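Engineer: Here's a structure for you.
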Amino acid sequence: MASPAIKFEPQTTPSAISSRAGLLKDRLLSITPEICYERAELITESYKETEGMPIILRRAKALEKILQKMIIRIQPDELIVGNHTPKPRSSPIFPEFSFGWIEAEFDRLAQRAGDVFLISDECKEKLSAVFKYWQGKTTQEYAANLMPADAKAAQANGVFTVGNYFFLGVGHICVDYGMVLQKGYLGIKADVLKEKLKLDLTKPEDLKKSQFLQAVEIACDAAISFAARFADEAEKQAQTETNAQRKQELLAIAENCRKVPANPAQTFYESLQSFWFVQLIIQLESNGHSISPGRFDMYMYPYYKKDIMSGKLTQEQAMELIECLWVKFNEINKVRDEASTKAFGGYPMFQNLIVGGQTADGRDSTNELSYLCLDATENVRLPQPSLSIRFHQGTPQKFLIKSSEVAALGLGMPAMYNDHVIIPSLAARGVSLEDARDYCVIGCVEPQKGGKTEGWHDAAFFSLAKCLELALHDGVDPISGVQLGLKTGTLATMATFEEVMDAYRKQIEYFVKLLVISNNCCDIAHGSICPLPLLSSMVQDCVVKGKSLQEGGAHYNFTGPQGVGVANVGDALVALKKLVYDEGVISRTTLADALNSNWAGFETERQIMLNQAPKFGNDDDAADELARLAARIYCEEVEKYTNPRGGQFQAGLYPVSANVPLGAVVGALPDGRFSGTPLADGVSPVSGRDIKGPTAAAKSVAKLDHEIASNGTLFNQKFLPNALRGEAGLGNLAALIRSYFSLGGLHVQFNVISKETLEEAQRNPEQYRGLVVRVAGYSAFFTSLDKSLQEDIIARTEHDF
Numbered sequence: 013m014a015s016p017a018i019k020f021e022p023q024t025t026p027s028a029i030s031s032r033a034g035l036l037k038d039r040l041l042s043i044t045p046e047i048c049y050e051r052a053e054l055i056t057e058s059y060k061e062t063e064g065m066p067i068i069l070r071r072a073k074a075l076e077k078i079l080q081k082m083i084i085r086i087q088p089d090e091l092i093v094g095n096h097t098p099k100p101r102s103s104p105i106f107p108e109f110s111f112g113w114i115e116a117e118f119d120r121l122a123q124r125a126g127d128v129f130l131i132s133d134e135c136k137e138k139l140s141a142v143f144k145y146w147q148g149k150t151t152q153e154y155a156a157n158l159m160p161a162d163a164k165a166a167q168a169n170g171v172f173t174v175g176n177y178f179f180l181g182v183g184h185i186c187v188d189y190g191m192v193l194q195k196g197y198l199g200i201k202a203d204v205l206k207e208k209l210k211l212d213l214t215k216p217e218d219l220k221k222s223q224f225l226q227a228v229e230i231a232c233d234a235a236i237s238f239a240a241r242f243a244d245e246a247e248k249q250a251q252t253e254t255n256a257q258r259k260q261e262l263l264a265i266a267e268n269c270r271k272v273p274a275n276p277a278q279t280f281y282e283s284l285q286s287f288w289f290v291q292l293i294i295q296l297e298s299n300g301h302s303i304s305p306g307r308f309d310m311y312m313y314p315y316y317k318k319d320i321m322s323g324k325l326t327q328e329q330a331m332e333l334i335e336c337l338w339v340k341f342n343e344i345n346k347v348r349d350e351a352s353t354k355a356f357g358g359y360p361m362f363q364n365l366i367v368g369g370q371t372a373d374g375r376d377s378t379n380e381l382s383y384l385c386l387d388a389t390e391n392v393r394l395p396q397p398s399l400s401i402r403f404h405q406g407t408p409q410k411f412l413i414k415s416s417e418v419a420a421l422g423l424g425m426p427a428m429y430n431d432h433v434i435i436p437s438l439a440a441r442g443v444s445l446e447d448a449r450d451y452c453v454i455g456c457v458e459p460q461k462g463g464k465t466e467g468w469h470d471a472a473f474f475s476l477a478k479c480l481e482l483a484l485h486d487g488v489d490p491i492s493g494v495q496l497g498l499k500t501g502t503l504a505t506m507a508t509f510e511e512v513m514d515a516y517r518k519q520i521e522y523f524v525k526l527l528v529i530s531n532n533c534c535d536i537a538h539g540s541i542c543p544l545p546l547l548s549s550m551v552q553d554c555v556v557k558g559k560s561l562q563e564g565g566a567h568y569n570f571t572g573p574q575g576v577g578v579a580n581v582g583d584a585l586v587a588l589k590k591l592v593y594d595e596g597v598i599s600r601t602t603l604a605d606a607l608n609s610n611w612a613g614f615e616t617e618r619q620i621m622l623n624q625a626p627k628f629g630n631d632d633d634a635a636d637e638l639a640r641l642a643a644r645i646y647c648e649e650v651e652k653y654t655n656p657r658g659g660q661f662q663a664g665l666y667p668v669s670a671n672v673p674l675g676a677v678v679g680a681l682p683d684g685r686f687s688g689t690p691l692a693d694g695v696s697p698v699s700g701r702d703i704k705g706p707t708a709a710a711k712s713v714a715k716l717d718h719e720i721a722s723n724g725t726l727f728n729q730k731f732l733p734n735a736l737r738g739e740a741g742l743g744n745l746a747a748l749i750r751s752y753f754s755l756g757g758l759h760v761q762f763n764v765i766s767k768e769t770l771e772e773a774q775r776n777p778e779q780y781r782g783l784v785v786r787v788a789g790y791s792a793f794f795t796s797l798d799k800s801l802q803e804d805i806i807a808r809t810e811h812d813f
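If you count by this note's numbering, then the sequence shown holds residues 13 to 813, one letter each, in order.
Okay, structure coming up:
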């Protein structure tokens, strides 16, 4: 709190959301998201005013204009302030990245099956006028002009997609929140001044550095002035406020906003407000999502502990503040194109906040705030922040049980991560041991050292299943008839299983190369025309190097594309090996005909392939080894390449929820799968095929080489609610987690909900508006999802102990 004289009275009941946070939550849920034109107009005005200036200065001046002129709001009952748009849950537009898709979809935004946005006629007119300026100036167009035709063809036919960074901002980062809390933006400006004094402007490289440092100064000043606007607004509201308690709250808000984020935070309340301004402004500078708070319980704990020890703050007051912040996370929203909503719908923002784990010297870091974050998620029950926990052998059993209790609520949170796999995997990529121990998780499941890394996580979705399909069809896409890949032969001409594996490997090699080219085209585009000075100022080494993140300023630089369809390829390969090549149950020509006809007229053969071969997810070495090999081939190929920022490519194995749309463009596979059906979710077994229980499924997944997939792996499990009831159920879940992690699993998360509840929510969505489920590496409101995603969640195997 700001001082002992300025207090707010918490409105809490034990183990329930505070009445204040409850009011904020109810108000939030009553809002239908809208499209907001304000930011698009302001950035366009700024760009017209700064024609001819260096791009880094234009970006800084644009942020300054946005923060100076955008409408600000302090809502009733708020304790932490700062708005993304005039109306909560609405989405700004970022025309500097792309705009054609949204203009084409104006009239469908309110009719979409998922992620609906209202848009007024006035908004359409204003945006259409703005978009005329941006023709030929976007990162999308720049990247597209760099990409070769064969890379575009591979994307158009579903081998891979780089859509996130092709159309939108990069995001996927955790800045050094602790640095801002300790220094404030005035402290960052002081660091900039020190670097400016070292420059010799006769050197071309220093001349460019000077422009970057000047841009950082402008951006920091803009952030400070933005907070001051909220201080002014709070004081203005206090002058006419008749409720004495609210008047004191507004004065406390004003005092906080005068102090932070300009200066170091002194109290827990100030630290939360400073944190929120950082979190908010990053998402006004760019529309890259997955702006992840990282190790919140580590950098916030000193402020919490100090105030608790001094008596300035009670745990009850702290909990109400945290709950208010948790609601605030859900105000930030982003519109995506209609196709993307099928890949990751539910208005996701992927703001991953992680608690627990280890200190830099290897001691357990779990603290009181770690538990309060779990309590806040339990109480608020909203999709954001995307709460995660870190696990190691020294994790207290009490903390693991508490995490299991929250998981049993059915929110899909917390997701759980294994220090004993992630720390070595990061160290193998050149991250120091101390930094690796201090990792956080970005977006869905991507580990990195917060505040020092530009990871370009989630850089592409790469279909392993499509590569296998092309390997069996001489590189020809059977759906489009286009010669996409290399001529490696057809299933009918491959005399041995080794030939199949060789063809798969060659297709992977060919398409990974095209993926790397495509990613690097996008990387160059962002570095050339959309550098982000404020974001860069909060990541270590950028100020010292005098470079933006987008130009390689970060200490660690990576690009992380993810492979999709691990279990499908494993199941298909083991079926081929056993039933076609080893035992000759079905001939190659017969199976080729069956695949080409999508099993029409071959149901007997389909049942044989489906039921007489082992399946990944049942602790069967034959299937598990081929899934491991198929994934490893991809990961090893990816890590051969480097990016324009001087960093290495590193693979991940997770789909967000792109397994649904990617599956739609993959034909029939030898495991009995029909054409067009969803691919397996992450490294999870194919839905319904893990029939030997949750432990067997976990053992199969643990056999994959998680360490080489250092950009993250994703394992979803679904439990019937009754399975986790009571002390015994929670104990069983905790034991499963410990066992899975001891075997080498990297990540696991749980949906705890019945099929019947989900089907009822489909039938009566208005009665289930608050139903939160785990989609992929994120949670979302079930009723906001496209039906294809809903069906994919319903189809997942339901486990019991």
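Think of the CB as a built atom: it goes at the ideal place given N, C-alpha and C, for glycine as much as any other residue. Since the structure is predicted, the reported quantities are computational estimates derived from the model, not experimental observations.
With DSSP collapsed to three states, give me the class of residue 452.
Structural biologist: For the purposes of this step, residue 452 is taken as the residue at position 440 of the sequence shown. Residue 452: strand per DSSP, three-state reduction.
Engineer: Could you check which residue in 67, 349 and 144 has the C-alpha nearest to that of residue 121?
Structural biologist: For the purposes of this step, residue 121 is identified with residue 109 of the sequence shown, where counting begins at 1. Out of 67, 349 and 144, 349 has the C-alpha closest to the C-alpha of residue 121.
Engineer: Which residues mark the beginning and the end of the alpha helix (DSSP H) in which residue 525 is found?
Structural biologist: On the sequence shown, residue 525 is found 513 positions in, with the first residue counted as 1. Note, residue 525: alpha helix (DSSP H), 509-541.
Engineer: Of the residues 372, 353 and 454, which one's Cα is nearest the Cα of residue 399?
Structural biologist: Reading the sequence shown from its first residue, position 387 is the one you call residue 399. Selected option, being the one with the closest Cα: 454.
Engineer: Given 8 Å as the limit, is there contact between the stretch 323-341 and the stretch 201-221, that is, 3 or more CB pairs closer than that?
Structural biologist: The stretch 323-341, when compared against the stretch 201-221, does not touch it at the 8 Å Cβ threshold.
Engineer: My understanding is that residue 387 touches residue 425, with C-beta atoms under 8 Å, so please give their C-beta distance in whole angstroms.
Structural biologist: If you number the sequence shown from 1, residue 387 lands on position 375. If you number the sequence shown from 1, residue 425 lands on position 413. Going by Cβ atoms, the distance from residue 387 to residue 425 rounds to 12 Å, so no, they are not a contact pair.
Engineer: With DSSP as the reference, label residue 368 as helix, strand or coil.
Structural biologist: Mapped onto the sequence shown, residue 368 falls at position 356. In the structure shown, residue 368 sits in a strand (DSSP, three-state: E or B).
Engineer: Which residues bound the alpha helix (DSSP H) around residue 217?
Structural biologist: Indexing the sequence shown from 1 puts residue 217 at position 205. Element bounds for residue 217: 216-252.
Engineer: Sort out for me which residues DSSP pairs residue 398 with in a bridge.
Structural biologist: Reading the sequence shown from its first residue, position 386 is the one you call residue 398. Answer by DSSP bridge pairing, in chain order: 364.
Engineer: So residue 9 is in the alpha helix (DSSP H); what residue range does that whole segment cover?
Structural biologist: Within the shown structure, residues of the chain are numbered from 13 to 813, placing residue 9 beyond reach of any answer.
Engineer: For residue 413, collect the residues of the same chain with a Cβ closer than 8 Å to its Cβ; drop the 5 residues on either side in sequence, then sort them by chain order.
Structural biologist: Position 401 of the sequence shown, counted from the start, is the residue given in the question as residue 413. Excluding sequence neighbours, residue 413 sits near 742, 743 and 746.
Engineer: What residues in its chain sit with their C-beta under 7 Å from that of residue 635, if we drop five residues either side in the sequence?
Structural biologist: Counting from 1 along the sequence shown, the entry for residue 635 is found at position 623. So the qualifying residues of the chain are 582, 583, 586, 626, 627 and 628.
Engineer: Residue ranges of each alpha helix (DSSP H) run of no fewer than 4 residues wholly in the stretch 604-658, ordered along the chain?
Structural biologist: The qualifying runs are 615-623 and 633-650.
Engineer: When you compare only the Cα positions, how much space is there between residue 210 and residue 658?
Structural biologist: Locating residue 210 in the sequence shown gives position 198, counting from the first residue. Locating residue 658 in the sequence shown gives position 646, counting from the first residue. Going by the C-alpha atoms only, they are around 24 Å apart.
Engineer: In terms of DSSP beta bridges, what is residue 459 paired with?
Structural biologist: One-based indexing of the sequence shown puts residue 459 at position 447. DSSP lists 453 as partners of residue 459.
Engineer: To the nearest angstrom, report how far apart residue 652 and residue 421 are at their CA atoms.
Structural biologist: Looking up residue 652 in the sequence shown gives position 640. Looking up residue 421 in the sequence shown gives position 409. The straight-line gap from Cα to Cα measures roughly 42 Å.
Engineer: Please state whether DSSP places residue 501 in a helix, a strand or coil.
Structural biologist: Numbered from its first residue, the sequence shown carries residue 501 at position 489. Three-state DSSP puts residue 501 in coil, outside helix and strand.
Engineer: When DSSP builds the beta bridges, which residues end up paired with residue 786?
Structural biologist: Taking the first residue of the sequence shown as position 1, residue 786 is located at position 774. Per DSSP, 791.
Engineer: According to the neighbour-count rule (16 or more other Cβ atoms, all chains shown, within 10 Å of its Cβ), is residue 160 buried or exposed?
Structural biologist: Along the sequence shown, one-based indexing puts residue 160 at 148. It counts as exposed.
Engineer: Less than 7 Å separating the beta-carbons of residue 735 and residue 812?
Structural biologist: Walking along the sequence shown from the start, residue 735 turns up at place 723. Walking along the sequence shown from the start, residue 812 turns up at place 800. Cβ atoms of residue 735 and residue 812: closer than 7 Å.
Engineer: From the DSSP output, read off the bridge partner residues of residue 730.
Structural biologist: Counting from one through the sequence shown, the residue named residue 730 turns up at place 718. Looking at the DSSP assignment, residue 730 forms a beta bridge with 763 and 810.
Engineer: Which stretch, first to last residue, makes up the beta strand (DSSP E) that contains residue 373?
Structural biologist: In the sequence shown, residue 373 corresponds to position 361, counting from 1. Neither: residue 373 is in no beta strand (DSSP E) and is coded neither H nor E.
Engineer: Do you know whose CA, among 40, 433 and 569, lies nearest residue 755's CA?
Structural biologist: By one-based count along the sequence shown, residue 755 stands at place 743. Considering only alpha carbons, the answer is 433.
Engineer: Which same chain residues end up closer than 7 Å to residue 83 when comparing Cβ atoms and leaving out the 5 residues on each side of it in sequence?
Structural biologist: As a first step, residue 83 is located in the sequence shown; it is residue number 71 there, counting from the start. Closer than 7 Å at Cβ, skipping near neighbours: 50 and 98.
Engineer: Would you mind working out which of 93, 184, 283 and 127 sits nearest residue 265, comparing C-alpha positions?
Structural biologist: Sequence index remark: in the sequence shown, residue 265 carries index 253 (1-based). Nearest of 93, 184, 283 and 127 to residue 265, Cα basis: 93.
Engineer: Pull the bridge partners of residue 130 from the DSSP assignment, please.
Structural biologist: By 1-based counting over the sequence shown, the position of residue 130 is 118. Paired residue(s): 46.
Engineer: Can you list, in chain order, the residues of its chain with a C-beta nearer than 8 Å to that of residue 41? Leave out the 5 residues immediately preceding and following it.
Structural biologist: In the sequence shown, residue 41 corresponds to position 29, counting from 1. Here the set comprises 781 and 782.
Engineer: Among 491, 569 and 392, which has the Cα closest to the Cα of residue 466?
Structural biologist: In the sequence shown, residue 466 corresponds to position 454, counting from 1. Ranking 491, 569 and 392 by Cα distance to residue 466 puts 569 first.
Engineer: Per DSSP, which one or two residues make a beta bridge with residue 428?
Structural biologist: As a working mapping, residue 428 is identified with position 416 in the sequence shown. In DSSP, residue 428 forms a bridge with 401 and 760.
Engineer: Given a threshold of 16 other Cβ atoms within 10 Å of its Cβ, counted over all protein chains shown, does residue 686 qualify as buried or as exposed?
Structural biologist: As a position in the sequence shown, residue 686 is number 674, starting the count at 1. With fewer than 16 other Cβ atoms within 10 Å, it is exposed.
Engineer: At what residues does the beta strand (DSSP E) containing residue 569 begin and finish?
Structural biologist: Position 557 of the sequence shown, counting from 1, holds the residue named residue 569. Segment 568-576, the beta strand (DSSP E) holding residue 569.
Engineer: Using DSSP bridges, identify the partner residues of residue 466.
Structural biologist: Position 454 of the sequence shown holds residue 466. Partner(s): 569.
Engineer: Which of the three DSSP states, helix, strand or coil, is assigned to residue 302?
Structural biologist: Indexing the sequence shown from 1 puts residue 302 at position 290. If DSSP states are grouped into helix, strand and coil, residue 302 belongs with coil.
Engineer: Expressed to the nearest angstrom, what Euclidean distance is found between the alpha-carbon atoms of residue 135 and residue 141?
Structural biologist: Here residue 135 refers to the residue found at position 123 of the sequence shown. Here residue 141 refers to the residue found at position 129 of the sequence shown. Looking at the two C-alpha atoms, the distance is approximately 10 Å.
Engineer: Assuming residue 8 and residue 189 form a contact by the criterion Cβ under 8 Å, report the distance between their Cβ atoms to the nearest whole angstrom.
Structural biologist: Only positions 13 to 813 of the chain appear in the structure, and residue 8 is not among them; the question remains open.
Engineer: Reducing DSSP to helix, strand and coil, say where residue 546 ends up.
Structural biologist: Walking along the sequence shown from the start, residue 546 turns up at place 534. Of the three classes helix, strand and coil, the one that applies to residue 546 here is helix, per DSSP.
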